[in-house]
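Below you'll find the structure, written out as structure tokens, and then a few comments.
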């Protein structure tokens, strides 16, 4: 154990904490550096994604590090989307026709604390807070930090440096500006921003609306969602265009306008939100962006993981899950090379490159799926054709649980297949069902089994036709 | 005329020169600033895209400014791709089954000089060379330049500022760094770089190989191409991986290795290139990248056009053509607003935004088509299924010239439809033919007319099926 490399991990958020814990379990000496104060000692970041959706891919990562059971104590199961229409009618659209397939609402700081505690309990992990990364010496796995308590500069280095410093990654920015290699990079912003609000708990600590669902108020261009917290409250997020719309962040500029907007679009939510106007103007408006880049590693010395490598929009509830799955994939490759060691030295460059070749197509896929779901959640859930598709899929999943998995199920509950496979199969299935329905080829006269057979055949044909074009390349 | 706005144009390459000429013809006061020396007085940039493909969309832009006929004098028609195999066999794959559909090889500096001369002949155009743009004051349509002759700083401003300063645009970089709005941006690099080489003219000034074709030596991962020049020479471009290949820029590091590589892969080209090794090591290796961004305009004061807004890889021969088409589209919108003037003032912000809404989907489309064609040129041209497709398409175009246009023809010779339409229809046609061929549904027993009917029906179905999925959004 003593001869294992020193690893410098920058960023002690969800990904960096889990990664550090796992690397320490493998016997590495880990130094984990975080720019923010220790969140176990302060409260911070009000109004920024207080709770998140944790599902099977994320749980697999937590399981790998032995913290799944502890994490589950922080979870509230959500069995489906509770759709709220303008007339305050609700109906539950289940995530799956199978009973054991649900997602969980979990507190971001709660889960982060759990992971920091577990990492800190390892003798070979050192965590340093309040140190902001200023520059990275990429070829030497070394970085200079500003100590925000003393304003001093500190330089730290490792045998390798792992950047898990999130969507605004300082490590990635250093790669972008490095200029000695070609760095592909994209940042794509949606026309919408988000703002976090709250449905507080009842005075007795109970929930003001149905607990075990992800609540959605889809309104075409706008959307409101709410996820439950353990303390009886819901964290509510409003997704709204920045401008060029009857109601948008640019023109919702008085408490009266905000209330008018909620009265018109989300009357049943408004009833549950006594502090709406105050929160609306106190909480920041956040942008919604997708970040992709390549290469993730440089000089066989530095590697990006998690949001630093692939920030995605939140509409599939997969951001944290993708980051935890990064740790699983990286760990598998590390395991392979560790068990085949000949001269006692790991060739990190090979490991980093194999990790990217393995993983990038999948994080690209979940990024694209998350943008698709942005449109699905705010618009499609109100389309009759889409609703017929969802109804049919739920019936397939209930009646033939081993034979049919919707795109959502493939992404969310089938962690044994990759995001890329889930995207290809899921999109082909959607296309097959929508076109069969639109062409009147799934009449009521057919049995559910006959319908499933047609859908499967059409899906197979679509995937075959796509492959003929693609395999030429 | 005297009351028209002052326009500051940054970048006097192909796009900036044509745009300035056209705006001057409309009566605007134009100041055109270029960082390089006047190319009419110096020779420069050896080894960087000396000739380009000019086709219908580009010619339309030149026609708009009244310089098409002069430009045609610089053109050498190319009727198809002359494919060279490893055994030095050649065959001509025509660009179209229609006789009047061909592309042209044109000298970049030659065409640029022509446009600068035409712009400079206008009394309301002032051209300033040797001034590099350092910073842009986006809200005030003002920019600071370094005069490379005196090292002094100069600030210039206009009522509006147009950035036509190419793929490395300083104006765009200022937008990226501005931080007061969300700027979507991507730079995507291919794994390949390029290097320009030469087949010199014969001693008598004649051509050493067939003149009226774009010569291609497709070799899977690598590719060599050659375009004719008026002086009897050909400009040759080698596209090759940077690394991780038997032959790549990283390991072609001695004259012997370079010659060995050409002997093995391009023996007939090598015979025509007496100065190969010298040129290989003297000329730079250039990267191949796609750049997309949005918004193209800020504050109703600045707008990006040409490569500054949308740099693409060269594999469709559409880079210059897309930039000239930008001028056509911008001019059409300007015409509409000028002829509907009520209070005498143009609202540039509206014009800029309408231009982007109109144009961006098309420049995104040609960017994607150009990457597709990278794979088509280096790999597919050698695939039997692809060759059967091309043969069938050429027959369709020859026999039914008004009824069938291949993707290449739609993009290159059908300037009345947009790149986006060309992409959607062209990809659907390709998918239809490849799958019909692959499934054995176009047997020789069918007449050409029957085959065309099947292809058209299948294409229509593919486009319909795609639309059902898309229109949900």
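Chains as they are written, first to last, in full-length UniProt numbering: chain F, 1 to 473; chain H, 1 to 473. Think of the CB as a built atom: it goes at the ideal place given N, C-alpha and C, for glycine as much as any other residue. Keep in mind the model is a prediction, meaning the values are calculated, not measured.
Check, Outcome
"Proximity below 7 Å, CB of residue 270 of chain H to CB of residue 262 of chain H", "yes"
"Cα-Cα separation, residue 292 of chain F to residue 310 of chain F", "5 Å"
"Any chain F beta carbon closer than 7 Å to residue 246 of chain H", "no"
"Cross-chain neighbours of residue 373 of chain F in chain H, by beta carbon under 7 Å", "Within chain H, no residue comes near residue 373 of chain F; the closest Cβ sits about 11 Å away, beyond 7 Å."
"Beta-carbon contacts of residue 110 of chain F that lie in its chain and below 6 Å, excluding the five residues immediately before and after", "74"
"Nearest residue (CA-CA) to residue 483 of chain H, options H:25, H:39 and H:4", "Here chain H comprises residues numbered 1 to 473, so residue 483 of chain H is not present and cannot be evaluated."
"Residue-level contact to chain H via CB, residue 187 of chain F, 7 Å cutoff", "yes"
"Residue 171 of chain F versus F:138, F:196, F:202 and F:151, residue with shortest Cα-Cα distance", "F:138"
"Ordered list of alpha helix (DSSP H) runs contained in the region 123-188 of chain H, each at least 4 residues", "170-178"
"Helix, strand or coil at residue 217 of chain F according to DSSP, with G and I counted as helix", "strand"
"Test item: CB-CB of residue 115 of chain F and residue 18 of chain F under 7 Å", "yes"
"Chain H residues whose Cβ lies nearer than 7 Å to that of residue 406 of chain F", "Residues of chain H passing the Cβ test: none, with the nearest at roughly 15 Å."
"Proximity of residue 83 of chain H and residue 216 of chain H at Cβ, strictly below 7 Å", "yes"
"Chain F residues whose Cβ lies nearer than 7 Å to that of residue 182 of chain H", "189 and 287"
"Proximal residues, the region 423-443 of chain H versus chain F, C-beta separation under 7 Å", "430, 431, 434, 435 and 438"
"Segments assigned beta strand (DSSP E), at least 3 residues, entirely inside the region 209-261 of chain F", "214-219, 222-228 and 234-241"
"Host alpha helix (DSSP H) of residue 318 of chain H (start-end)", "It is not in any alpha helix (DSSP H) - residue 318 of chain H carries neither H nor E in the DSSP assignment."
"Buried versus exposed, by CB contacts within 10 Å (16 or more), residue 214 of chain H", "buried"
"Anticipated Cβ contact below 8 Å, residue 54 of chain H with residue 125 of chain H, distance rounded", "Incorrect: roughly 23 Å between the Cβ atoms, too far for contact."
"Of the listed residues H:198, H:402, H:70 and H:454, nearest to residue 238 of chain H (C-alpha basis)", "H:198"
"Option in H:470, H:430, H:445 and H:469 with minimal Cα separation from residue 457 of chain H", "H:430"
"Spatial neighbours of residue 190 of chain F in its chain, beta-carbon cut-off 6 Å, leaving aside the 5 residues before and after", "288"
"Start-to-end residues for the alpha helix (DSSP H) that takes in residue 407 of chain H", "407-413"
"Reference residue 208 of chain H; option with closest CA among H:232, H:222 and H:221", "H:232"
"Cβ pair residue 434 of chain H, residue 468 of chain F closer than 7 Å", "yes"
"Assumed close pair residue 200 of chain F, residue 211 of chain F - CB separation to whole angstroms, cut-off 8 Å", "Actually they are not in contact, since the Cβ atoms of residue 200 of chain F and residue 211 of chain F sit about 14 Å apart, beyond 8 Å."
"Buried versus exposed call for residue 464 of chain F [16 or more other C-beta atoms within 10 Å across all chains shown]", "exposed"
"DSSP beta-bridge partners of residue 293 of chain F", "F:185"
"Secondary structure of residue 306 of chain F, DSSP reduced to three states", "helix"
"Candidates H:313, H:448 and H:134: closest to residue 363 of chain H by CA position", "H:313"
"Integer-rounded CB distance, given that residue 354 of chain F should sit under 8 Å from residue 57 of chain F", "About 20 Å separates the two Cβ atoms, so there is no contact after all."
"Uninterrupted alpha helix (DSSP H) stretches inside the region 414-454 of chain H (no shorter than 4 residues)", "419-438"
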